[in-house]
Every structure is written in C-alpha cells, then in structure tokens.
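*Asks:*
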Amino acid sequence: MDGSSEQGMPDYDPDVANVPKGHVVEWTNNDSMVHTVTSSIDFGETFDSGLLNSGEKFLISTNDLSLGAYEYMCIVHPWMVSTLVVEE
Numbered sequence: 225m226d227g228s229s230e231q232g233m234p235d236y237d238p239d240v241a242n243v244p245k246g247h248v249v250e251w252t253n254n255d256s257m258v259h260t261v262t263s264s265i266d267f268g269e270t271f272d273s274g275l276l277n278s279g280e281k282f283l284i285s286t287n288d289l290s291l292g293a294y295e296y297m298c299i300v301h302p303w304m305v306s307t308l309v310v311e312e
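Structural data, given as structure tokens:
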C-alpha cells in the first residue's frame, strides 16, 4: 500500500487475489498513512481490519468466508479498492 494515500497512485496489490479456501490472507500497510481493509458490500461486516498504522498487518482465514468474490476498500481512502476471490 506504499504511496496509496494519493489518489491515482498504486494501492492494494494485486488488484484481484485468487486464494484457495483454507488459506490465510495477510495484508501489510507499507505506507506512512493509516489504511483499512474493509469489505465493501456490507461496510465491514464480513471483515474489517480497523485502522492499520504503518507496518501493521491484518490476517483473515478464508475458512471464515464462503466461496466467491469479496470487494474491499480503505475507509480512509475510498478510491483504494481491490477484490479477494475465495476458490475451491
């Protein structure tokens, strides 16, 4: 997420992550600004990291999710959007 607090800069990488069910996904804030990893469709009810300071991590087990696509965003910087796809 380095430099992503400026609109138009690269943000979540990759834009779409395909992850098999049973794996753990880890996000790390490599930027100097705070960010979140928040499920978009339900405003964080599915998953929400809360504010992540520089260097902090957020982990989620795909065992806690159904198969399918989950768009997520940064609440602080709403142009930061990506998708997690949980697969068989």
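Residue numbers (my numbering): 225 to 312. We put the beta carbon where it would ideally sit given N, CA and C, even for glycine. If you're wondering where the values come from, they're calculated on a predicted model, not measured in any experiment.
With distances taken between CB atoms, is the gap from LEU283 to VAL243 smaller than 8 Å?
*Replies:* On the sequence shown, residue 283 is found 59 positions in, with the first residue counted as 1. On the sequence shown, residue 243 is found 19 positions in, with the first residue counted as 1. Cβ atoms of LEU283 and VAL243: not closer than 8 Å.
*Asks:* Just the C-alpha distance for SER264 and ASP288, rounded to the nearest angstrom, thanks.
*Replies:* Start at 1 with the first residue of the sequence shown, and residue 264 comes out as number 40. Start at 1 with the first residue of the sequence shown, and residue 288 comes out as number 64. Answer to the nearest angstrom: the Cα atoms are 17 Å apart.
*Asks:* Alpha carbon to alpha carbon, how far is VAL261 from ASP235?
*Replies:* The residue given as residue 261 occupies position 37 in the sequence shown. The residue given as residue 235 occupies position 11 in the sequence shown. Distance between the alpha carbons of VAL261 and ASP235 is about 11 Å.
*Asks:* Among the residues of its own chain, which have a CB less than 6 Å from the CB of SER256, if the five just before and after it don't count?
*Replies:* For this step, residue 256 is matched to residue 32 along the sequence shown. SER278.
*Asks:* Going by the CB atoms, is the gap between CYS298 and HIS247 shorter than 8 Å?
*Replies:* As a first step, residue 247 is located in the sequence shown; it is residue number 23 there, counting from the start. As a first step, residue 298 is located in the sequence shown; it is residue number 74 there, counting from the start. Cβ distance not < 8 Å, so HIS247 and CYS298 don't count as in contact.
*Asks:* So, with DSSP's three-state summary, where would you put ASN254?
*Replies:* Mapped onto the sequence shown, residue 254 falls at position 30. DSSP places ASN254 in coil when its eight states are reduced to three.
*Asks:* With distances taken from CA atoms, which of PHE267, LEU276 and GLY268 is nearest GLU250?
*Replies:* As a first step, residue 250 must be located in the sequence shown, where it is residue number 26. Ranking the options by Cα distance to GLU250, first place goes to LEU276.
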